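In full-length UniProt numbering, the protein residues as written are 1 to 202.
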């Protein structure tokens with residue numbers, strides 16, 4: 001573990017998370033990965049993240065919760081809110097996002113002496129850019145099945161793991177069902193409609 005800058009000095013790696021009027025902001029943690037961000041964290045990386053998170057709670061009072069919005073204090077990953085990047089990112093990748101929810105954050109809570117959180121049965125919003133990268137993932141299948149269950153399926157066949165125009169048309173139907181229109185019902189998933197869809201965790 002190496003430290004580039006002190007945790008009381010602002011570093012702008014997380015965009016608007018660090019542009020608050022009172023000078024507070026996010027602490028950015030970078031971890032090594034392969035070039036496609038598909039590999040999981042190693043056990044050593046997970047251990048280091050847990051120790052760092054517990055230290056952040058004790059030293060800076062970061063609350064033992066996952067951030068509920070882009071401005072909410074807590075713990076999170078880069079992909080959670082578009083405001084934390086230049087319009088959205090898939091970072092740190094699907095494998096590490098699962099590890100954050102299932103291993104890292106519960107580990108931080110335990111190490112800090114708090115009560116382990118109850119895991120959500122629903123999949124975390126993977127970020128807007130995830131869908132625009134033409135992903136192939138079981139998450140797309142799960143999303144499609146929920147869209148069909150909500151009466152919004154626009155599939156000639158499927159749904160399947162590969163994101164296609166049929167997924168986008170189906171999601172646009174879901175957005176319209178939720179009361180959105182125009183550019184807000186363009187078929188690209190956003191956090192509000194994703195959370196309402198309740199896609200089961202894989």
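Every residue gets a Cβ at the ideal spot worked out from N, C-alpha and C, and that includes glycine.
Please read all numbers here as calculations on a predicted model, not as lab measurements.
Query                                                                                                                                                    : Result
For residue 3, count neighbouring Cβ atoms within 10 angstroms of its own Cβ and tell me buried if that reaches 16, exposed if not.                      : exposed
From the DSSP output, in three-state form, read off residue 4 for me.                                                                                    : coil
Let me make sure I understand the geometry here. Which of 198, 186, 72 and 127 has the alpha-carbon closest to that of residue 144?                      : 198
Kindly indicate which three-state DSSP category residue 75 falls into: helix, strand or coil?                                                            : strand
To test your reading of the DSSP string, which unbroken alpha helix (DSSP H) runs of 4 or more residues are found completely within the region 130-193?  : 138-149 and 165-177
Taking DSSP's pairing of strands, which residues face residue 200 in a bridge?                                                                           : 122
Note the first and the last residue of the continuous alpha helix (DSSP H) segment covering residue 60.                                                  : 43-60
Buried or exposed for residue 126, please, with buried defined as at least 16 other CB atoms from any protein chain shown within 10 angstroms of its CB. : buried
Buried or exposed: residue 57, going by 16 or more other Cβ atoms within 10 Å of its Cβ?                                                                 : buried
Which same chain residues, not among the five before or five after residue 155, have their C-beta less than 6 Å away from its C-beta?                    : 166
Is the separation between the beta-carbon of residue 138 and that of residue 161 shorter than 7 Å?                                                       : yes
Out of curiosity, what's the CA-to-CA distance linking residue 91 and residue 34?                                                                        : 12 Å
So which of 61, 84 and 64 has the shortest CA-CA distance to residue 70?                                                                                 : 84
Does the separation of the CB atoms of residue 64 and residue 109 fall below 7 Å?                                                                        : yes
Determine the closest residue to residue 130 out of 159, 93 and 112, with distance taken between C-alpha atoms.                                          : 93
Within this structure, are the beta carbons of residue 201 and residue 149 separated by less than 7 Å?                                                   : no
Look at the alpha carbon of residue 158 and the alpha carbon of residue 66, and state the distance between them as a whole number of angstroms.          : 34 Å
Do residue 182 and residue 170 have their beta-carbon atoms positioned less than 7 Å apart in this structure?                                            : no
Can you give the beta carbon distance from residue 46 to residue 103, rounded, assuming they're within the 8 Å contact cut?                              : 6 Å
Residue range of the alpha helix (DSSP H) that residue 93 falls in?                                                                                      : Here residue 93 belongs to no alpha helix (DSSP H), and DSSP marks it neither H nor E.
If we ignore side chains and look at the alpha-carbon of each, how far apart do residue 193 and residue 175 end up?                                      : 7 Å
What distance in whole Å lies between the Cβ atoms of residue 95 and residue 50, which are believed to be in contact at a cut-off of 8 Å?                : Actually they are not in contact, since the Cβ atoms of residue 50 and residue 95 sit about 17 Å apart, beyond 8 Å.
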